[in-house]
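Some notes on the structure that comes next.
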Amino acid sequence: MKHKNLFIGVISAALLTTFTTSCDKLKEALFVAFNANSASVDFTIPIINTTATTSDLGTMDNTINLDSIIKAETDNQFSLDDIKKITIQTAQLVLLNGDNENNFANFEEGWLTFSTDTKPTPVTIATGLNPDVYSDNWTLPSVPDINLKEYLNGNSLHYVLTGKARRVTTKVLDCKLNVTFHIE
């Protein structure tokens, strides 16, 4: 009798493990990756008077509840706990008051770092060179393969934009930051 109960217990545990593993694999197979936009964040770039070193171009704070977004996108079938990876799809800067002397062509390179209330150590999420042509839009290429899931367990986002100027600016530049997350 003891052997029979032990056998049933072992079989039950094995079936439960197999079922749980199968459910996880099924969830992974059913989940369709998607992009989610955070709200635009306004910021200002101060007058930049040096081309010799990098400069702080702006800090931005924002909030996002990715768990709610994931639930809304999946009809409550998935939550943040079910997600394997969250990366940056795009980081776009939009200049609102540019002119021929003061626009994104003034900057040769930029770096966007990211931290949150749950993970305050900054990580570079987008960086890249910028062409020397007039532009009021600057899309920084995302740094590949940085999984931000641990960062996005919280709701408070903090961005810092740093740049290297190729020419000084003569006025404060009003900007917006638009970030799109890729969720898989």
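Numbering (my numbering), first residue to last: 5 to 188. All C-beta atoms, glycine included, are put in the ideal place defined by N, C-alpha and C.
In the three-state DSSP reduction, LEU100 falls in the coil class, being neither helix nor strand. LEU84 is a Cβ neighbour of ASP71, given a cutoff of 7 angstroms. By the CB criterion at 7 angstroms, ASP140 and ASN107 fall inside the cutoff.
With the rule of 3 Cβ pairs closer than 8 angstroms, the region 45-63 counts as touching the region 154-167.
According to the DSSP assignment, LEU181 belongs to the beta strand (DSSP E) that extends over 177-187. Annotation for LYS168: the continuous beta strand (DSSP E) segment containing it runs 160-169. In this structure THR173 is buried. Its beta-carbon is surrounded by 16 or more other beta-carbon atoms within 10 angstroms. Around THR128, the same chain offers TRP115, THR117 and VAL147 as residues with beta carbons nearer than 6 angstroms, after the five sequence neighbours per side are excluded. In the DSSP assignment, GLU112 forms no beta bridge with any residue.
Residue range 70-77 is occupied by the alpha helix (DSSP H) that includes SER72. Distance from the CA atom of ASP103 to the CA atom of THR131, rounded to whole angstroms, is 24 angstroms. Close CB contacts of PRO126 within its chain, under the 6 angstroms cut and outside five residues either way in sequence, are with THR117 and SER119 (chain order). The way I'd put it, the region 49-61 does touch the region 173-186; three or more beta-carbon pairs between them come closer than 8 angstroms. Using a Cβ distance threshold of 7 angstroms, GLN81 and HIS186 do not count as a contacting pair. Excluding its 5 nearest sequence neighbours in each direction, GLU105 has C-beta neighbours in its own chain below 7 angstroms: THR174, listed in chain order.
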